[in-house]
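Numbering (the numbering used here), first residue to last: 1 to 56.
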């Protein structure tokens, strides 16, 4: 399965993108990896594990 990194998912555009991807079942074919500079280590959305550090 292809890993896809997602940055900027908490903003207005990113949150709409995530919502539409869920509605279209786009996450079925990928393994999403979410990044954050301020919340690294916390739970990622969609049960995608932990947030990765975007600074690395």
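The C-beta atom is built at its ideal place from N, Cα and C for all residues, glycine as well.
- Taking all protein chains in view, the Cβ of residue 51 is crowded by 16 or more other Cβ atoms within 10 Å, so the residue is classified as buried.
- Secondary-structure assignment with DSSP links residue 35 through a beta bridge to 52.
- Counting only the Cα atoms, residue 32 lies some 14 Å from residue 53.
- Residues of the same chain with a CB within less than 8 Å of the CB of residue 15, apart from the 5 flanking positions on each side, are 9 in chain order.
- The shortest CA-to-CA distance from residue 30 to any of 55, 56 and 48 is the one to 48.
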